[in-house]
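> According to the numbering used here, the sequence shown is numbered sequentially starting from 1. Input: one structure, supplied below.
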Amino acid sequence: MTVLGVGVDVVRTSRFAEILKRSPTILDRISKRILHPVEHTNYQSSSQARQLQILASTWAVKEATFKSLSIGDQRRFKFAEWRRVNRLHGYEMIQTILQPQENDKPSVIKEVIREDRILVSTSHDGDYTIANALRQTTLNNVA
1 MTVLGVGVDV VRTSRFAEIL KRSPTILDRI SKRILHPVEH TNYQSSSQAR QLQILASTWA
61 VKEATFKSLS IGDQRRFKFA EWRRVNRLHG YEMIQTILQP QENDKPSVIK EVIREDRILV
121 STSHDGDYTI ANALRQTTLN NVA
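Structure (structure tokens):
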């Protein structure tokens with residue numbers, strides 16, 4: 001497999017806490033824009049402290065993923081279409097197609113079949129979260 005791109009991002013979790021202090025409604029709008037519907041369900045059922053950690057971690061992972069993509073894929077990138085899943089070989093990002101519903105809650109139509117795999121890793125230290133994304137081919141004959 002060939003490495004196609006690498007991305008990294010660092011987030012200070014307290015940035016999200018500062019937004020929450022200023023306006024809880026803004027943080028709610030941000031969560032809907034960056035979280036996949038599956039992630040948003042987990043977010044809504046979490047404590048406020050955990051919600052801030054979820055937002056920081058998800059933001060960092062998706063920013064790192066974005067940075068690992070080609071320019072064409074970056075132009076089409078939508079945070080809420082991507083989510084982290086646990087596979088046998090570790091955490092991987094998958095892209096899905098979302099369809100808006102009448103109640104403004106998107107539903108997942110299908111997973112996008114890509115010719116690359118994006119492996120991700122996060123680490124937390126105090127107020128900081130770092131994420132790395134490694135994009136590689138899933139085809140053996142690509143040089």
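Ideal Cβ positions, reconstructed from N, Cα and C, are used throughout, including at glycine.
Do you know whose CA, among G90, W59, V85, lies nearest G7's CA?
Taking the sequence shown and counting its residues from 1, the one referred to as residue 7 is at position 7. If we check each option's Cα against that of G7, W59 comes out closest.
> For V11, count neighbouring Cβ atoms within 10 angstroms of its own Cβ and tell me buried if that reaches 16, exposed if not.
Taking the sequence shown and counting its residues from 1, one reaches residue 11 at position 11. By the neighbour-count rule (16 or more Cβ atoms within 10 Å), V11 is buried.
> With H, G and I counted as helix, E and B as strand and the rest as coil, what does DSSP make of E63?
Position 63 of the sequence shown, counting from 1, holds the residue named residue 63. Here E63 sits in helix by DSSP.
> For D28 and R117, I'd like the C-alpha separation in whole angstroms.
Here residue 28 is taken as the residue at index 28 of the sequence shown, counted from 1. Here residue 117 is taken as the residue at index 117 of the sequence shown, counted from 1. Answer to the nearest angstrom: the Cα atoms are 30 angstroms apart.
> Nearest by alpha-carbon distance to Q74: which of E92, R83, E63 is it?
Within the sequence shown, the letter at position 74 stands for residue 74. Ranking the options by Cα distance to Q74, first place goes to E63.
> Between which residues of its own chain and S68 is the CB-CB distance below 8 angstroms, once the five residues before and five after are set aside?
Along the sequence shown, read from residue 1 onward, the residue named residue 68 stands at position 68. Answer for S68: L4, G5, V6, G7, I118, A133, L134, R135, listed in chain order.
> Under the three-state reduction of DSSP, which class applies to V112: helix, strand or coil?
Position 112 of the sequence shown, counted from the start, is the residue given in the question as residue 112. If DSSP states are grouped into helix, strand and coil, V112 belongs with coil.
> For T25, which three-state DSSP category applies?
The residue you call residue 25 lines up with position 25 of the sequence shown. Looking at T25 - three-state DSSP - the assignment turns out to be helix.
> Would you call E115 buried or exposed, if buried means 16 or more other Cβ atoms sit within 10 Å of its Cβ?
Position 115 of the sequence shown, counted from the first residue, corresponds to residue 115. With fewer than 16 other Cβ atoms within 10 Å, it is exposed.
> Give me, in chain order, the residues of the same chain whose beta-carbon lies closer than 7 angstroms to that of A56; leave out the 5 immediate sequence neighbours on both sides.
Numbered from 1 along the sequence shown, position 56 holds the residue referred to as residue 56. So the list reads V11, T13, F16, T129, once near-sequence residues are dropped.
> What residues in its chain sit with their C-beta under 7 angstroms from that of N86, if we drop five residues either side in the sequence?
Counting from 1 along the sequence shown, the entry for residue 86 is found at position 86. Nothing meets the Cβ criterion.
> Check the DSSP bridge columns for V85 and list the partner residues they point to.
Against the sequence shown, residue 85 aligns to sequence position 85. DSSP, once it has assigned bridges, lists E92 as partnering V85.
> Is V120 buried or exposed, if buried means 16 or more other CB atoms sit within 10 Å of its CB?
Along the sequence shown, one-based indexing puts residue 120 at 120. That one is buried.
> What separation, rounded to the nearest whole angstrom, lies between the Cα atoms of I71 and A131?
By one-based count along the sequence shown, residue 71 stands at place 71. By one-based count along the sequence shown, residue 131 stands at place 131. C-alpha separation (whole angstroms): 20 angstroms.
> According to the neighbour-count rule (16 or more other Cβ atoms, all chains shown, within 10 Å of its Cβ), is R84 buried or exposed?
Looking up residue 84 in the sequence shown gives position 84. With 16 or more Cβ atoms within 10 Å of its Cβ, R84 is classed as buried.
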